[in-house]
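Notes to accompany the following structure.
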Amino acid sequence: MDQPPKIYLYRRIVLAKLFIDEHYAEDIDLDAIAGEASFSKFHFIRLFKMAYGKTPHQYLTRVRIEQAKLLLEKGESVSDVCFAVGFDGVSSFTHLFKRFTKMTPSAYLRQQQQRKEEIAAAPLKFIPGCFAAQNGWI
Amino acid sequence: MHTDASMGPGKRWLTVTPPEQPDLEIALMAIDEGMMFKKDTAEKMRELVKAGTFGYAVFECNDLVATYEELTARGVKFKKPPTKEFYGFEALFVDDSGNWFSLGEKKKED
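Protein chains in written order, with our numbering: chain A, 1 to 138; chain B, 139 to 248.
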């Protein structure tokens, strides 16, 4: 088994992850991140994967999809969301989104809007009965 | 955020979920008079939480040192940095109310 990397290497890997978390919407050059962290590309990918269970590219995609879900939950349109989170085309966005969430962005948008309406109309359907009863809501 | 259902002002059922574990819902609740607590109970409860009495949740991550570094960079306070204990590799972090949590590391598959 590999020895765990030294603490300063960890800090660089963590900084790379935080960079992705902050700049996911931009056209991120993952090779440049490896360069900035002064690693070879392959060493960087290997350490990143050891820490986060995903390659930097897989992680970036994951962050973009999660952010897309948040924006769709707010009711923004599929094409606005696609570009807002850093994808450069609706068809590749739709394809990846479906792979991660098992539904298309437009289906997810509809589902979330419907759920929001249901929660507003009948909140008790979404609150555990014991909690509602304790508070005298039922 | 998983569910945010409101029964009126100050009456709220709010849950969050880790993106990678969507079947786990964590309910967030202010310790205020009204929901769940009477006035004096709420005051006592707030004091107890603040004093660090409660630490009942255990989280796991893939890599404890990396997660510790990241959370520290994001401003999370730890009362114990990653430490090798006889029962495992563990750190303890504290939230802004005084609740503390254990953070462990998943066993790696060789």
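Every residue, glycine too, gets a C-beta built ideally from N, C-alpha and C.
Quantities reported herein were computed from a predicted structural model and do not represent experimental measurements.
With distance defined between alpha-carbon atoms, name the residue in the options nearest to residue i.
i	options	result
Tyr-59 of chain A	A:Leu-71, A:Phe-83, A:Ile-45 and A:Thr-94	A:Ile-45
His-140 of chain B	B:Pro-160, B:Glu-223 and B:Gly-172	B:Pro-160
Arg-64 of chain A	A:Leu-15, A:Thr-94, A:Ile-33 and A:Glu-118	A:Thr-94
Thr-61 of chain A	A:Ser-79, A:Glu-26, A:Ala-34 and A:Leu-47	A:Glu-26
Pro-156 of chain B	B:Lys-245, B:Asp-170 and B:Ile-164	B:Ile-164
Leu-70 of chain A	B:Val-154, B:Leu-162 and B:Lys-182	B:Val-154
Asp-234 of chain B	B:Gly-190, B:Gly-146, B:Glu-158 and B:Met-174	B:Gly-190
What does residue i reach in chain B if we use C-beta pairs closer than 8 angstroms?
i	result
Glu-66 of chain A	Pro-157
Gln-10 of chain A	Gln is not the amino acid found at residue 10 of chain A; the sequence shown has Tyr there. Residues of chain B passing the Cβ test: Val-203, Ala-204 and Glu-207.
Would residue i pass as an interface residue toward chain A - the criterion being a Cβ-Cβ separation below 9 angstroms?
i	result
Val-203 of chain B	yes
Ala-143 of chain B	yes
Glu-207 of chain B	yes
Met-183 of chain B	no
Ala-211 of chain B	yes
Asn-237 of chain B	no
According to the Cβ coordinates, are residue i and residue j closer than 9 angstroms?
i	j	result
Leu-202 of chain B	Gly-242 of chain B	yes
Phe-216 of chain B	Ala-195 of chain B	no
Ala-51 of chain A	Ile-13 of chain A	yes
Gly-75 of chain A	Gln-113 of chain A	yes
Ser-144 of chain B	Pro-123 of chain A	yes
Leu-96 of chain A	His-57 of chain A	no
Leu-109 of chain A	Leu-72 of chain A	yes
Gly-172 of chain B	Ser-240 of chain B	no
Tyr-24 of chain A	Gln-67 of chain A	yes
Gly-148 of chain B	Asp-178 of chain B	no
Show which residues of chain A have a CB atom less than 8 angstroms away from the CB atom of residue i.
i	result
Ala-229 of chain B	Here the premise fails: no neighbours, minimum Cβ distance about 13 angstroms.
Lys-149 of chain B	Asn-135 and Trp-137
Applying the 10 Å Cβ sphere with the 16-neighbour rule, what's the burial state of residue i?
i	result
Met-167 of chain B	exposed
Ala-133 of chain A	exposed
Gly-89 of chain A	exposed
Tyr-206 of chain B	buried
Leu-47 of chain A	buried
Do we get a CB-CB distance below 9 angstroms when we pair residue i with the residues of chain B?
i	result
Pro-56 of chain A	no
Glu-76 of chain A	no
Gly-102 of chain A	Here residue 102 of chain A turns out to be Lys, not Gly, going by the sequence shown. False, the Cβ-Cβ gap to chain B never drops below 9 angstroms.
Glu-117 of chain A	no
Ile-7 of chain A	yes
Pro-105 of chain A	no
Tyr-52 of chain A	yes
Leu-72 of chain A	no
So which residues of chain B does residue i contact, with C-beta pairs closer than 9 angstroms?
i	result
Leu-18 of chain A	Glu-208, Ala-211 and Arg-212
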